[in-house]
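Novice: Dropping a structure here in structure tokens format, bear with me for questions.
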Amino acid sequence: RVTPTFGGGNAIRPAPLRSDPFPGGQQGYPQGPAPGQPMPNYPGAPGGGNPPMPGYGSAPSSGPVAIAVSIPMLYQWAVMDIIIKGFRGTIKDFPSADPLRDVEVLRKAMKGFGTNESAIIELLGNRSMKQRVPLVAAYKTTYGKDLFKDLKSELTGNFENLVIATLMKPSAFDAAELREAIKGAGTDEACLIEILSSRTNAEIGEINQVYKTEYGKPLEDAISNDTSGHFRRLLVSLCQGNRDERENVDVALAKQDAQKLHAAGENKVGTDESQFNAILCARSVPHLRTVFHEYQQMCGRDIVKSICREMSGNVESGMVAVGKWFCFSFSVKVFPYFAERLHKAMQGAGTKDRTLIRIMVSRSEKDMLDIRQEYLKNYQKSLYTHISGDTSGDYQKLLLKLCGGSD
Numbered sequence: 097r098v099t100p101t102f103g104g105g106n107a108i109r110p111a112p113l114r115s116d117p118f119p120g121g122q123q124g125y126p127q128g129p130a131p132g133q134p135m136p137n138y139p140g141a142p143g144g145g146n147p148p149m150p151g152y153g154s155a156p157s158s159g160p161v162a163i164a165v166s167i168p169m170l171y172q173w174a175v176m177d178i179i180i181k182g183f184r185g186t187i188k189d190f191p192s193a194d195p196l197r198d199v200e201v202l203r204k205a206m207k208g209f210g211t212n213e214s215a216i217i218e219l220l221g222n223r224s225m226k227q228r229v230p231l232v233a234a235y236k237t238t239y240g241k242d243l244f245k246d247l248k249s250e251l252t253g254n255f256e257n258l259v260i261a262t263l264m265k266p267s268a269f270d271a272a273e274l275r276e277a278i279k280g281a282g283t284d285e286a287c288l289i290e291i292l293s294s295r296t297n298a299e300i301g302e303i304n305q306v307y308k309t310e311y312g313k314p315l316e317d318a319i320s321n322d323t324s325g326h327f328r329r330l331l332v333s334l335c336q337g338n339r340d341e342r343e344n345v346d347v348a349l350a351k352q353d354a355q356k357l358h359a360a361g362e363n364k365v366g367t368d369e370s371q372f373n374a375i376l377c378a379r380s381v382p383h384l385r386t387v388f389h390e391y392q393q394m395c396g397r398d399i400v401k402s403i404c405r406e407m408s409g410n411v412e413s414g415m416v417a418v419g420k421w422f423c424f425s426f427s428v429k430v431f432p433y434f435a436e437r438l439h440k441a442m443q444g445a446g447t448k449d450r451t452l453i454r455i456m457v458s459r460s461e462k463d464m465l466d467i468r469q470e471y472l473k474n475y476q477k478s479l480y481t482h483i484s485g486d487t488s489g490d491y492q493k494l495l496l497k498l499c500g501g502s503d
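In our numbering, each residue carries its 1-based index in the sequence shown increased by 96.
Structure, rendered in structure tokens:
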């Protein structure tokens, strides 16, 4: 059963040392023979049994996976047994990847005069997260140096930020993004909502641990100090990571919840945000999907439109994000939420590069193919084409690697 501070730099770097860094070589291993034997505990070939990273799991297998959800016959319209079309990410394990060979490639790319950005792009764009993250430790073991510091001294701007993001543990990256969203003047509410509404309980638990270790205070305290009112209550609820994750649905309870949401919003003068908060932040995904269907049957309007009518400001944005995520995630539909976030990041003057980097890195091994399909359907332009037109240089090249192709 499957449930479905960045550093900156201002040094000007010369052009890459060679236009084709891999003549005749194996992809991902420039200027050298085929990789040797993998380091123990770092098998890369399919079926090698790589252990999942704590809290963040591993990529799905490439074969079809049946998902059976136990819900009464009445709700087979929404959660019938479905067959996922295999792996839906764009970045997979690189066969026989060897961290010692990989860190040698990275070291050579940064050593001497100039930086071979193409070698860095080719390597990182062809390694899965569980193959990239161990390179930080392997680099220090091999060369006695910090890979992050070396990369920051050689790279600049958004390309540097993207490269660093690909090498971070997902929990550490999310914690850093939350920290950046909270600190300083103003708060990036959209970032807080995006991360906390879309991560699993296990992922949120690991983010909480990393945040406290790295920044010296609980994430909940940081959020409470930087937000207020019902929006703060929404975020505090989400950062607990205590959502019900059972797959069975009590249909009678789902109908009661739909009635409570109706009574708290559309059928009331004013809005009882606490009732929305209690249901949207605590109930399971299958339960909420059933609640949303009952709500639409009752009101003739979907939950997202009702929230937009009844709420405003950050509370509305937060509730809408939660509603959209749990309306669509783990169901037969693809993921409009992230497609919309990516479109907004590249829409109009300027690009919200932090958002673009965060989503492209975090979804590349989960559902990027689905996001691409949704993007094309909603905006009549492929995500690949939009990224190509909105970014440039080495930054663009690595983003397009994560995107995985045009549609």
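Even for Gly, the Cβ is constructed at its ideal location relative to N, Cα and C.
#1: Touching or not, the stretch 222-242 and the stretch 271-282, by the rule of three or more beta carbon pairs under 8 Å?
#2: Can you list, in chain order, the residues of its chain whose CB lies under 6 Å from that of Gly120, leaving out five sequence neighbours each side?
#3: Please state the DSSP three-state secondary structure of Phe198.
#4: Out of Gly210, Gly221, Gly208, which has the shortest C-alpha to C-alpha gap to Leu494?
#5: If I measure Cβ to Cβ from Ala360 and keep anything under 7 Å in the same chain, skipping five residues before and after, which residues do I get?
#6: Given a cut-off of 8 Å on the beta-carbon distance, is the pair Tyr480 and His439 in contact?
#7: Given a threshold of 16 other Cβ atoms within 10 Å of its Cβ, counted over all protein chains shown, does Asp449 qualify as buried or as exposed?
#8: Output needed for Cys287: all residues of its chain with C-beta closer than 8 Å, excluding positions within five of it in sequence on either side, in chain order.
#9: Along the chain, where does the alpha helix (DSSP H) containing Phe269 start, and where does it finish?
#10: Output yes if chain C places a C-beta closer than 8 Å to the C-beta of Phe244; else output no.
#11: Run through DSSP, which three-state label would Gly485 get?
#12: When burial is assigned at 16 or more other CB atoms within 10 Å of the CB, is Pro191 buried or exposed?
#13: Identify whether Ile291 lies in helix, strand or coil by the three-state DSSP scheme.
#14: Helix, strand or coil for Asp490? Go by DSSP, reduced to three states.
#15: Just reading off the alpha helix (DSSP H) that Ile300 is part of, what are its end residues?
#16: Assuming Leu243 and Val259 make a contact with CB atoms under 8 Å, what is their CB distance in whole Å?
Specialist: If we stick to the structure as given:
#1: As far as the Cβ criterion goes, the stretch 222-242 does not touch the stretch 271-282, which means the pair count is below three.
#2: Locating residue 120 in the sequence shown gives position 24, where the first residue counts as 1. For Gly120, the predicted structure reports a pLDDT of 42, less than 50, and the residue's modelled location is therefore unreliable. The matter cannot be settled from this model.
#3: Your numbering for residue 198 matches position 102 in the sequence shown. First, the residue type needs correcting, since residue 198 is Asp and not Phe in the sequence shown. Helix, per DSSP.
#4: Stepping through the sequence shown from its first residue, residue 494 is reached at position 398. Ranked by Cα distance from Leu494, the options Gly210, Gly221, Gly208 are led by Gly221.
#5: On the sequence shown, position 264 is the one that residue 360 refers to. Counting only Cβ-Cβ distances below 7 Å, and skipping sequence neighbours, we find Thr367, Asp368, Gln371, Phe372.
#6: Counting from one through the sequence shown, the residue named residue 480 turns up at place 384. Counting from one through the sequence shown, the residue named residue 439 turns up at place 343. Contact flag unset, no.
#7: Reading the sequence shown from its first residue, position 353 is the one you call residue 449. Counting the other CB atoms within 10 Å of its CB gives Asp449 a total of 16 or more, which places it among the buried residues.
#8: Walking along the sequence shown from the start, residue 287 turns up at place 191. Only Glu273, Leu274, Glu276, Ala277, Arg450, Thr451, Arg454 meet the Cβ criterion.
#9: Mapped onto the sequence shown, residue 269 falls at position 173. Judged by DSSP secondary structure, Phe269 falls within the alpha helix (DSSP H) whose first and last residues are 266-278.
#10: Given the protein chain composition of this structure (a single chain), no chain C is represented.
#11: To locate residue 485, count along the sequence shown from 1; it is residue 389. Helix.
#12: For this step, residue 191 is matched to residue 95 along the sequence shown. Pro191 should be labelled exposed.
#13: Working through the sequence shown from its first residue, we reach residue 291 at position 195. Ile291 falls in the helix class under three-state DSSP.
#14: Position 394 of the sequence shown, counted from the first residue, corresponds to residue 490. Here Asp490 sits in helix by DSSP.
#15: Taking the first residue of the sequence shown as position 1, residue 300 is located at position 204. Note, Ile300: alpha helix (DSSP H), 297-311.
#16: Taking the first residue of the sequence shown as position 1, residue 243 is located at position 147. Taking the first residue of the sequence shown as position 1, residue 259 is located at position 163. Not really, about 10 Å apart at Cβ, beyond 8 Å.
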